[in-house]
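Chains as they are written, first to last, in the numbering used here: chain U, 1 to 591; chain B, 1 to 188.
All C-beta atoms in this analysis are idealised placements derived from N, C-alpha and C, irrespective of residue type, glycine included.
Structural data, given as C-alpha cells:
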C-alpha cells in the first residue's frame, strides 16, 4: 500500500505494473473520480467550481496535462458546451459543477440532452452525506430534480462507489439510445480514501441497450420496400448517433428511395445527394412534406415523429405503410402507427435489409418531387437567397453566403428561433456531425456555449455559430470563455431587434399584436470588443461578402453582426397542429 | 370504480435501488394516470423487487406506451400489463371493531361464514378481522360491518397478482442476458 506520488503524470495507464500498483493503492475519492474519467477516455470537460466540488477541482490540478478543463462563465454554459462537444466528436460530453445552484443551473442543458439523445455525464458536488436532507447550505435535491430528465442518476455517498458509478454512468450515457446521466457526489466521499481499481462496464442485467434484431421483421421490411412504388425515407439523428451514414447511403441508393431529414439528421447525408430532398417539418422543404402524404411506404430511420415533423397526426401519412427503424423500442407506435418495427442499431439493421432489397429505380416517383422543389424555389428561396438590390438584408442570404464561403464544410451551430430555421434550411453539408442545434427542447441560449464545445470537439474545423439577438443575450457571458481560451469560433449574429420567431407567430396568428417581442439591444460589437473579440457590424448588402471573407480569414474569434430584415418571415410554414400538406408559402403564394 | 374504464394491473421488476419508485411514478404522472393501488416487495429473485400497480384507463394504447416507458428505464428489468381476466389477484383488508359492539351484535358466526373472515385479535377493547379477496369482497364486508357494528379502523393492501398464462420467467430472461454477456465479454 502506498500513496501515489503526485508528480506522476500518467497514473491512468493500464500497463501491467501500473495496474498492480493501482489495485493496492489507497487514494482520495476526488483522485479516484479523475482517474476514472481518464480511464473512460475523457480529455476535455467543461465546468465551474464551488464549495461542494472543491476537492475534485483540487485533484484536477494534478492532472492538467491529461484533462483539459474549460472554465465557463455559467453552469448552463458548461452543459451546452458538453453537448456541443459530444455532438461533433462522437464522445461523451462531461460537465463538472458544484452543488445547489451549480447543479440546478444545469437542468436546462440536461433536459435538452435528454430530448436530443446526447451522451453526457454531469458530475455535481453535493453537501457532505451527514447533512443530506437537512437543508444545508447549497443543498438541492439534485436526484429528485434530474431523475425525470435523465437516462440515469446516482448519488454517490461512499467513496468505494465512485469508480463503479463513473464506469456505469459512461456505459449508460453512451450505449443504446444515448442520453444524459447525472452523478451527484457528496463532498465527504470526495475526501475519503479507499483502494482504487477501474473496470469498464459492458453489461447491466436490467438494461438492454440494443434490442434483439427480429429476423422476420427484417424480411417484412424488405418485402414492403421491394413492393413499394412510391417509397419515402425520413432520416433522423439515430443514423448519426449509430454511425450508420454509409449503411444508410447504401440502403437508399440500392432501392432508389428519396428522403427528407429531421433537423438533427440533416448532416447525415450530403446536402447535394440526388435523393436528398431536404428538411422535414414545420419549416422544412415542401417536397418531402407533401410527399409524406402521397408515398405508399414511409421508412423512418432513427427519428421519433416529433410533432414539429408530423403536424396533425390524424392526417399524417395515413395512406402509407410505415416501417420504423429505431434503437429505442419505446418509440415504436408512440406517435405513428407502424406496420413493421425494425428494432435495433441502424448500423446493423440497415445492411440486413439492404441485402434483401432489389436494385430499383423510382425515376417516375422522383420526378414528381421536382415541381415542388421548383415551386419552393420560385416562391420562397429565390427572394430569400438572391434578393434584388435595395431593401433590407435577408436572414437566408447571410446563411447562404456563409455556407458557400466555407465550401459547405463548416460545423453549423445554431441558437433557437428564426435564424435557426434559416440555418437549418440554407446551410449545406458535406460531412456528418456538422449540425449542432437544440432540436427537441428548443433552448434559446444554446448556441454560443454549444459552439464553444463544438470547437473543442472538432478543433480542426471551422465552427460557425448562428445566433439571434434574443438568444445571444441569454448566454452572452460565454464571450468570457471564448476570450480566456482564445477560441477560434465564428459568431454570426442575425440581428432584427426582435424575438423574431415569436414575432412571426404574432404577425400570423395574433393579429400583429407584438406583445413583448421588440428588443432594445446593446452595441454588440462593443460588448465583443470588451471581451477582446473582433467584431464587425454590417448594415449594407454590398459589404456582406467582404465581411464574411474577413471573418473567415481572421485568426481567432469573430463576431459578425448583420442587421437583417426587421420583419423577416420563415417560410414555408406548416401552422402548429396543421397537416403536413397545409403549407404556407407567404407573399400571397399558394401551392 | 370508474365508469367505462378498464382496470389494468402493471407488474414491474426492478433492481433494489434508491429512487426506483420515483422513476415509475413520474411516468404515471406525465401520462396523467392515477395510481389506484400499489404493492412493493422483494421478488423470488434476490436483489430484485416487484411492483404491482393498478390504474384505470380507457385506452389500451396508453398502457402499452406506459409499460414501454417504464421498461426503458435503466434500473427496470421488466414491465408488463394485464387485465383482470389474465390474473389471479388478491387484496388483504384489516378491520378493527369495538369488542363491546361485536359482543352486542350477536351474529359473528354469520359474518365469519359469509365473508370467510379470520379473527386475528380479540382483546377487551377491540376485535381485529382479516379478509382476503377482491376489492368488491373486502369492500362488501366493510360496508356491512360499518352499517351493523361500526368500524374503528380499516386498512386495505394494494393488489398482488399472478398471471394465469405461461409467460417468460424473469429468471430465464436474466440467465439469457448473463450468458450473452459472458459470450461477448468473457470475464472482463
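The residues 5, 6, 8, 33 and 63, in chain order, have a CB closer than 7 angstroms to that of residue 57 (chain B) in the same chain once the five nearest residues on each side in sequence are set aside. The beta carbons of residue 304 (chain U) and residue 272 (chain U) sit no closer together than 9 angstroms.
Under the rule that a run must span 3 or more residues, the beta strand (DSSP E) segments found entirely inside the segment 499-560 of chain U read 534-538. Interface flag for residue 76 (chain B) against chain U is set, since a Cβ pair is found closer than 9 angstroms. Counting the other CB atoms within 10 Å of its CB gives residue 367 (chain U) a total below 16, which places it among the exposed residues. Listed in chain order, the non-local C-beta contacts of residue 119 (chain U) below 6 angstroms within the same chain comprise 86, 92, 173, 174 and 178, local neighbours out to five positions each way being set aside. Bounds of the beta strand (DSSP E) holding residue 155 (chain U) are 152-156. The beta carbon of residue 68 (chain B) falls within 9 angstroms of a beta carbon belonging to chain U, placing the residue at that interface. Closest in alpha carbon position to residue 30 (chain B), among B:69, B:13 and B:165, is B:69.
Nearest C-alpha to residue 474 (chain U) among U:405, U:448 and U:551: U:448.
Looking from the CA of residue 221 (chain U), the closest CA among U:299, U:252 and U:488 belongs to U:299. Here residue 312 (chain U) is not near residue 335 (chain U), since their CB atoms are 9 angstroms or more apart.
Across the structure, residue 209 (chain U) and residue 108 (chain U) are spaced so that their CA atoms are roughly 25 angstroms apart. Its chain contains 29 and 159 as the residues whose beta carbon lies nearer than 6 angstroms to that of residue 192 (chain U), once the 5 sequence neighbours on both sides are disregarded; these appear in chain order. For residue 142 (chain U), the enclosing alpha helix (DSSP H) begins and ends at 142-146.
No Cβ-Cβ contact shorter than 9 angstroms links residue 88 (chain B) with residue 166 (chain B). Note on residue 116 (chain U): 16 or more other CB atoms within 10 angstroms of its CB, so buried under the neighbour-count rule.
Put simply, the backbone Cα of residue 80 (chain B) is about 60 angstroms away from that of residue 544 (chain U). The alpha-carbon of residue 405 (chain U) is positioned some 29 angstroms away from that of residue 238 (chain U).
If you draw a 10 Å sphere on the C-beta of residue 242 (chain U), you find 16 or more other C-beta atoms in it, and that means buried. At a cut-off of 9 angstroms between beta-carbon atoms, residue 329 (chain U) makes contact with chain B. In the structure shown, residue 562 (chain U) adopts extended strand secondary structure according to DSSP, grouped into three states. The CB of residue 65 (chain B) comes closer than 7 angstroms to the CB of 334 in chain U, given here in chain order.
Residue 347 (chain U) and residue 534 (chain U) have their C-alpha atoms spaced approximately 43 angstroms apart. Under a criterion of Cβ atoms nearer than 9 angstroms, the residues of chain U adjacent to residue 22 (chain B) are, in order, 143, 144, 147 and 148. Taking residue 465 (chain U) as reference, the option from U:442, U:437 and U:539 with the minimal CA-CA separation is U:437. For the segment 317-346 of chain U, the continuous beta strand (DSSP E) assignments of 3+ residues that do not extend past its boundaries occur at 321-326 and 340-343, in sequence order.
Annotated three-state conformation of residue 184 (chain U) is strand, per DSSP.
Between residue 98 (chain U) and residue 48 (chain U), the CB-CB gap stays under 9 angstroms. In this structure, residue 375 (chain U) sits away from residue 584 (chain U), with a CB-CB distance that is not shorter than 9 angstroms.
Non-local beta-carbon contacts of residue 98 (chain B) in its own chain, meaning distances under 7 angstroms to residues more than five positions away in sequence, involve 126, 150 and 152 in chain order. Three or more Cβ pairs closer than 8 angstroms define a contact, and the segment 480-492 of chain U meets that threshold against the segment 548-557 of chain U.
Residue 233 (chain U) carries a strand assignment under DSSP once its states are collapsed to helix, strand and coil. Neighbours of residue 202 (chain U) in chain B, taken as residues whose beta carbon is under 9 angstroms from its own, are 181, 184, 185 and 188 in chain order. If the five residues before and after residue 162 (chain U) are omitted, its C-beta is found closer than 8 angstroms to the C-beta atoms of 29, 32, 33, 36, 156, 185 and 189, all from its own chain and listed in chain order. Close to residue 111 (chain B), with beta-carbon spacing below 8 angstroms, lies no residue of chain U; the smallest spacing is near 46 angstroms.
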